[in-house]
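Mapping the sequence shown onto our numbering, position 154 (from 1) lands on 415, and the numbers just tick up by one. Quick notes on the structure that follows.
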Amino acid sequence: MNLKQRKAWNENHKILKELILKPEEHSRAITLFLSQHSLLHSSFIGNTGKSTLEDEMLNNLAETTFREYPVSNPDTKNSIAWHLWHIARIEDMTMNILVADDQQVLNSECWLEKMNIEFSHSGNSMNEEDIANLSARIDFGSLLAYRAAVGRQTQEVVSLLKPGQFKMKVEQNRIKRLFDENAVTQNATWLADYWSKKTIAGLILMPATRHNYLHLNKCIRIKDKIHKQMKKLVK
């Protein structure tokens, strides 16, 4: 996604925000969401034929760059590995527990084992030792495959929503599931409290879209800065 495409994404997100709580615009909101969401995952997820923000992030991404921690960017010191895992987990738990009240993708195909990690929570309030551990150990290919599976499931979950459901509040028994399944830890109760005040529309507009957009942009900035540093060293 170039600068023009990013500007268009942001403009369309504003339109989605205007439409999503209007039942008479439900079909249009779903269609726009699917387009917006597809641009945040690998291009084969939405079959749009367009280069996506994930495609841009993965372009020329070396595994050493993917794992580097800490990084020296002003808005984050976490690795690209952590950011990708974090947004995948947030999208998985919010869409499949809080919206659909269904099984998380994480629990469907032994994804923790495949990714070679033991963390099932969102990574909020994670200490430096655990971030370093995750960054070093997580399997690159399996993480991308997990994120792709989450993206496909999100599109199915949102496509099945009925007019008026975007206005519904998150049910408290689903908030409890976050803790029961160790998706959110006791050190990050603020996150569950924040989601408990949201409507389904609020989850669609942030965890499923804007949250991905913000973190993918961080990943791109991390990659670009590391590449610039490496070029200076070569010179």
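Yeah, the Cβ is synthetic: ideal placement off N, Cα and C, and Gly gets one too. Note that the structure is a prediction, hence the values are computed from the model and not measured.
Using a Cβ-Cβ cut-off of 7 Å (strictly less than) and excluding sequence neighbours within five positions of residue i, which residues of its own chain qualify?
i	result
residue 430	460
residue 344	476, 479 and 480
residue 564	Absent from the model: residue 564. The displayed extent of the chain is 262 to 496, so no value can be given.
residue 317	262 and 481
residue 312	262 and 304
How is the alpha helix (DSSP H) around residue i delimited, first residue to last?
i	result
residue 414	401-420
residue 352	341-354
residue 501	Outside the displayed span of the chain (262 to 496) sits residue 501, for which this structure offers no information.
residue 438	433-441
residue 471	Run containing residue 471: none; DSSP gives neither H nor E here.
residue 302	No alpha helix (DSSP H) contains residue 302, which DSSP labels as neither H nor E.
residue 282	That residue, residue 282, is in no alpha helix (DSSP H); it is neither H nor E in DSSP.
residue 394	389-398
residue 379	It is not in any alpha helix (DSSP H) - residue 379 carries neither H nor E in the DSSP assignment.
residue 314	314-319
residue 230	This structure cannot speak to residue 230, because the chain is shown only from 262 to 496.
Give me whichever residues DSSP pairs with residue i in a beta bridge.
i	result
residue 334	337
residue 430	460
Short of 6 Å in beta carbon distance, which residues of its chain neighbour residue i, apart from the five on each side in sequence? Order them along the chain.
i	result
residue 435	358, 359 and 362
residue 372	407
residue 422	none
For residue i, collect the residues of the same chain with a Cβ closer than 8 Å to its Cβ; drop the 5 residues on either side in sequence, then sort them by chain order.
i	result
residue 368	442
residue 370	410
residue 377	398, 399, 400 and 403
residue 351	383, 468 and 472
residue 290	277, 280, 281, 283 and 427
residue 453	436, 439, 440 and 445
How close, in whole Å, do the beta carbons of residue i and residue j come, if the pair is a contact with beta carbons under 8 Å?
i	j	result
residue 410	residue 302	Not confirmed; about 10 Å, so no contact.
residue 354	residue 494	No, residue 354 and residue 494 are not in contact; Cβ-Cβ is about 40 Å, not under 8 Å.
residue 464	residue 456	7 Å
residue 326	residue 348	Actually they are not in contact, since the Cβ atoms of residue 326 and residue 348 sit about 18 Å apart, beyond 8 Å.
Query raised in the report: On the three-pair Cβ rule with 8 Å, is the stretch 378-386 touching the stretch 442-449?
Result: yes
Report task. Determine, using beta-carbon pairs with one atom in the stretch 418-430 and one in the stretch 386-402, whether at least three such pairs fall under 8 Å. Result -> No: fewer than three Cβ pairs fall under 8 Å.
**Report entry** Any 3 or more C-beta pairs closer than 8 Å across the stretch 364-376 and the stretch 323-338
**Finding:** no
Query raised in the report: Does the stretch 294-307 come close enough to the stretch 414-426 to have 3 or more Cβ pairs within less than 8 Å?
Result: yes
Requested in this report: Would you check if the stretch 383-392 and the stretch 481-491 touch, i.e. whether three or more CB-CB distances between them fall below 8 Å?
Outcome: no
Requested in this report: Evaluate the contact criterion for the stretch 267-279 versus the stretch 291-305: three or more CB pairs, one atom per stretch, below 8 Å.
Outcome: yes
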